[in-house]
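The next block holds one structure in the form of structure tokens; read it before the comments.
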Amino acid sequence: GHPQRIALQIFPYAKGRRLLLTRDVTAIELAEAMRRDFVANVSHEIRSPLTVINGFIETLQTLDLDESQRRHFLDLMAQQARRMQALVDDLLTLSRLEGSPAPDASHWVDVAALVDEVAAQARALAEVLHQGRQSLEVRAGPALMVAGSQAELASALSNLANNAVRYTPADGHIEMGWLWLPDESVEFFVHDDGPGIEPEHLPRLTERFYRVDRSRSRETGGTGLGLAIVKHVAQRHGGQLLIDSVVGHGSTFRLRLPPARVTPMESGEAGRLA
Ligand code: ADP
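Numbering (UniProt numbering), first residue to last: 173 to 446.
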């Protein structure tokens, strides 16, 4: 529901005669408003960790602290610096995705290797956040290759897997894997039995900086840009991101790529790729 905005211009072009020009500027104004929101969001996201860091610098400069207190303050500063680093990394990733041509369809990525790599990395995060109590299993589909960017697909899948790890409690279960659907598209999925997401949030989830639970996102190192990145990667590969979630039961995120980007792997090929 944005109201339509019309710009009017009146040109006197001869004595007593005027030309009235109308132009629909709804889209332009909307884009401008979104850009302003984005800049305000980025500034805010950078300012909060910076304020914390500056506060601790001042403390270190003015107070005579013992070694363990000093170390404690430095750890807190490092944590805030990592937050800023993650934010800047995600911003750069997004701007690269928005500003470069879609990935080459002649480059083939081994699906099994891709998912294994992402799963291993997500397990390492689970180890840190949940001390290894959370389980993450890979449900492998058939041996496939997909055409596209290995780096982009790995980044998209690890955003989904890391989210599952971060938002699902320590005693939870996560499954990730892929299916080759009857129409020959491929579907990567990440399923968790975590808290789930209220339906009213679902349509906005891929917006930059949209978060359901701000503090949970921050505590676990979220930038609020992860799903925006996933959506971009899906679209650049001609695919889409689908989200199903039931509050109290869990969420399933699916990244679907079209048949044109998928090919079954010949036996023996897996060895050659490895
Ligand atoms: P963030 O860095 O905050 O995780 P994302 O764009 O990756 O940003 O996700 C947006 C929001 O979607 C999150 O803040 C969180 O509220 C919600 N979300 C994402 N994945 C899950 C999940 N697996 N379970 C519950 N909520 C999720």
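The C-beta atom is built at its ideal place from N, Cα and C for all residues, glycine as well.
Collapsed DSSP secondary structure at residue i in the structure displayed
| i | result |
| --- | --- |
| Ser240 | helix |
| Tyr185 | strand |
| Leu270 | One point to set straight first is that residue 270 is Glu, not Leu, in the sequence displayed. It is helical. |
| Ala446 | Note that Ala446 has pLDDT 40, beneath the 50 cutoff, so the model's placement of it is unreliable and the number below is only indicative. If DSSP states are grouped into helix, strand and coil, Ala446 belongs with coil. |
| Ala277 | coil |
| Leu235 | coil |
| Arg190 | strand |
| Arg195 | strand |
| Leu180 | strand |
| Pro175 | coil |
| Asp282 | strand |
Under 8 Å between C-beta atoms of residue i and residue j
| i | j | result |
| --- | --- | --- |
| Leu286 | Gln322 | yes |
| Thr340 | Gln303 | no |
| Leu397 | Leu297 | no |
| Pro275 | Glu217 | no |
| Glu347 | Arg311 | yes |
| Leu308 | Met437 | no |
| Val318 | Arg433 | yes |
| Met258 | Gly393 | Just to set this straight, residue 258 is Ala in the shown sequence, not Met. Cβ distance < 8 Å, so Ala258 and Gly393 count as in contact. |
| Ala326 | Val290 | yes |
| Val384 | Ile369 | yes |
| Val281 | Gly313 | no |
| Glu270 | His404 | yes |
| Ala294 | Asn334 | yes |
| residue 143 | Arg268 | Since the first residue shown for the chain is 173 and the last is 446, residue 143 is missing from the structure and cannot be characterised. |
| Arg338 | Leu399 | no |
| Arg177 | Val197 | yes |
| Gly366 | Gly422 | yes |
| Ala336 | Ala406 | no |
| Gln181 | Val224 | no |
| Phe351 | Ile415 | Checking the sequence, you will find Leu at residue 351 rather than Phe. In this structure, Ile415 does not lie closer than 8 Å to Leu351 by Cβ. |
| Leu248 | Phe228 | yes |
Could you tell me which whole alpha helix (DSSP H) segments of length 4 or greater appear in the segment 363-393? 386-391
Mind listing, in chain order, the continuous beta strand (DSSP E) runs of no fewer than 3 residues lying wholly within the segment 294-368? Those beta strand (DSSP E) runs which fall completely within the segment 294-368 and span 3+ residues are 307-311, 316-319, 345-352, 358-364.
Where in the segment 395-438 do unbroken runs of the alpha helix (DSSP H), each at least 4 residues long, occur, reported from the N-terminal end onward? 398-408
Should the segment 369-388 be called in touch with the segment 239-249, which here means at least 3 C-beta pairs below 8 Å? no
Contact between the segment 188-196 and the segment 206-214: three or more CB pairs below 8 Å? no
Using a Cβ distance threshold of 8 Å, determine whether the segment 356-371 contacts the segment 417-435, with at least three qualifying pairs required. yes
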